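S.K.: Just so you know, we're using my numbering here: the sequence shown kicks off at 21 and counts up by one.
Quick one: the structure is below, questions incoming.
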Amino acid sequence: MSESKLPASTRLKDKVILVTGSTTGIGEGMVRIFAREGAQVMIHGRRRDQAEKLAEEIGSNAAFVVGALEDPEVPAALIDKTVARFGRIDGLVNNAALMTRGTIEETDFEAFDRTIAVNLKAPFFLIRSVLPHFRRQGGGRILNIGSVNAYCGERSQCIYSTCKGALMTLTRNVADAHGAEGIRVNLLNVGWTLTPNEYALKMKEGLPEDWPTRLPKVFAPAGRLLSPEDVAWAAVYFLSDEAALVNGTVLDLSQYPMIGRNPPKAVEP
């Protein structure tokens, strides 16, 4: 359901939330809905023009920071700039990721290192940097955005899937280690989502312009793919006080179970 169809509420009232990779796609959907739910949001992206435009659209409860997550100095800087701007930080959403394509044979050292840097190392050090702030405040929330590809992934998503699998372990490890401090760490394994980037990618791979409306039920049982807003509403729950005791949870946000799925073997007419 799109944000325009629902009235604003206050489930995230006065919470300060940093969302990495939030100038487009799922990240953009989250910051827009978080702001509607009363949060103050820190937008992050690689391009200043995109980040500034989105912050202006959201209004006074939004600010932005720019930085490449593969730079080892950026993760700590994002946390520091969020606290400097809003006076505190209540939630961190590790959303930014590179969708690196390639089998194990096609993935070279450069692609491996860059993907690990953005998809795993950056979340690790963002969490490391935010922990002292959460301790001083008596707690905080971390939500990692994973993928159902963490369970195996397509052969052409080898290193991407590997990172998402590691992100699940990182989530559970930090949740277990710091839950007694009031620090909650959870993860959403997101299924196939229709974002502008995903639409463009499938067009590049040869699908027709109307491909989102022509998906077989085996890929979209509900008749459509997930939207960024679908993911955002799930994220609202984990960042809100409604999930005060939820910790170390991995939720598969998908239209069908990835483990144990056995699609019909019938031939399409």
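All C-beta atoms in this analysis are idealised placements derived from N, C-alpha and C, irrespective of residue type, glycine included.
These numbers come from a predicted model, not from an experiment.
Taking only three categories from DSSP, how would you classify threonine 189?
M.R.: Against the sequence shown, residue 189 aligns to sequence position 169. If DSSP states are grouped into helix, strand and coil, threonine 189 belongs with the helices.
S.K.: How about asparagine 114 and valine 168: are their beta carbons less than 7 angstroms apart?
M.R.: As a working note, residue 114 is residue 94 in the sequence shown. As a working note, residue 168 is residue 148 in the sequence shown. Their beta carbons are not under 7 angstroms apart, which means asparagine 114 does not touch valine 168 by this criterion.
S.K.: Just verifying my parser: in three-state terms, what is the DSSP assignment at leucine 32?
M.R.: Within the sequence shown, numbered from 1, the residue matching residue 32 stands at position 12. DSSP places leucine 32 in coil when its eight states are reduced to three.
S.K.: For glutamine 177, list the residues DSSP reports as bridge partners.
M.R.: Taking the sequence shown and counting its residues from 1, the one referred to as residue 177 is at position 157. Beta-bridge pairing links glutamine 177 to Gly122.
S.K.: Are the Cβ atoms of threonine 40 and glycine 58 separated by less than 7 angstroms?
M.R.: In the sequence shown, counting from the first residue as 1, residue 40 sits at position 20. In the sequence shown, counting from the first residue as 1, residue 58 sits at position 38. No, the pair does not count as a contact, with Cβ atoms beyond the cut-off.
S.K.: Hey, how far is the Cα of arginine 66 from the Cα of leucine 259?
M.R.: For the purposes of this step, residue 66 is taken as residue 46 along the sequence shown, with counting starting at 1. For the purposes of this step, residue 259 is taken as residue 239 along the sequence shown, with counting starting at 1. Taking the straight line from one Cα to the other gives about 24 angstroms.
S.K.: Could you spell out the range, first to last residue, of the beta strand (DSSP E) harbouring valine 61?
M.R.: Position 41 of the sequence shown, counted from the start, is the residue given in the question as residue 61. It spans 60 to 65 - the beta strand (DSSP E) in which valine 61 sits, taken as one unbroken run.
S.K.: Quickly, what does DSSP pair glycine 226 with across the bridge? List them, please.
M.R.: Residue numbering aside, residue 226 sits at position 206 when the sequence shown is read from its first letter. BP columns for glycine 226 are empty, so no partner.
S.K.: In the DSSP assignment, the alpha helix (DSSP H) including glycine 160 goes from what residue to what residue?
M.R.: Looking up residue 160 in the sequence shown gives position 140. Element bounds for glycine 160: not the alpha helix (DSSP H) but the beta strand (DSSP E), 160 to 167.
S.K.: Within 10 Å of its beta-carbon, does methionine 62 have 16 or more other beta-carbons around it, so buried, or fewer, so exposed?
M.R.: Position 42 of the sequence shown, counting from 1, holds the residue named residue 62. Flag for methionine 62 reads buried.
S.K.: In this structure, how does DSSP classify serine 24 when only helix, strand and coil are distinguished?
M.R.: The residue you call residue 24 lines up with position 4 of the sequence shown. For serine 24, the predicted structure reports a pLDDT of 46, less than 50, and the residue's modelled location is therefore unreliable. A value from the coordinates is still provided. Serine 24: helix per DSSP, three-state reduction.
S.K.: Which class does threonine 269 belong to by DSSP, given the choice of helix, strand or coil?
M.R.: Looking up residue 269 in the sequence shown gives position 249. It is coil, neither helix nor strand.
S.K.: Using 8 angstroms for Cβ pairs, my map puts arginine 72 next to phenylalanine 84. What's the rounded Cβ distance?
M.R.: Here residue 72 is taken as the residue at index 52 of the sequence shown, counted from 1. Here residue 84 is taken as the residue at index 64 of the sequence shown, counted from 1. The amino acid at residue 72 is misidentified as arginine; the sequence shows glutamate. Sure, about 6 angstroms apart at Cβ, within 8 angstroms.
S.K.: Looking at the structure shown, is proline 289 part of a helix, part of a strand, or coil, going by DSSP?
M.R.: For this step, residue 289 is matched to residue 269 along the sequence shown. Note on proline 289: pLDDT 48, under 50, position unreliable in the model; the coordinate value appears next. Coil.
S.K.: Only counting the same chain, and skipping five residues up and downstream in sequence, which positions put a Cβ closer than 6 angstroms to that of arginine 204?
M.R.: Start at 1 with the first residue of the sequence shown, and residue 204 comes out as number 184. Arg161, Asn267.
S.K.: Identify every residue that forms a DSSP beta bridge with isoleucine 203.
M.R.: On the sequence shown, residue 203 is found 183 positions in, with the first residue counted as 1. Paired residue(s): Gly160.
S.K.: For the segment 41 to 50 against the segment 108 to 122, do three or more pairs of beta-carbon atoms, one drawn from each stretch, fall closer than 8 angstroms, so that the two count as touching?
M.R.: The segment 41 to 50 vs the segment 108 to 122: in contact.
S.K.: Quick check: what's the CA-CA separation for isoleucine 179 versus leucine 151?
M.R.: Residue numbering aside, residue 179 sits at position 159 when the sequence shown is read from its first letter. Residue numbering aside, residue 151 sits at position 131 when the sequence shown is read from its first letter. When rounded, the distance between both Cα atoms is 28 angstroms.
S.K.: Measure the Cβ-Cβ separation of methionine 188 and leucine 207 and say whether it is below 7 angstroms.
M.R.: Reading the sequence shown from its first residue, position 168 is the one you call residue 188. Reading the sequence shown from its first residue, position 187 is the one you call residue 207. In contact: methionine 188 and leucine 207 (Cβ atoms closer than 7 angstroms).
S.K.: Just how far apart, CA to CA, sit valine 86 and isoleucine 165?
M.R.: For the purposes of this step, residue 86 is identified with residue 66 of the sequence shown, where counting begins at 1. For the purposes of this step, residue 165 is identified with residue 145 of the sequence shown, where counting begins at 1. In a straight line, the C-alpha of valine 86 is about 20 angstroms away from that of isoleucine 165.
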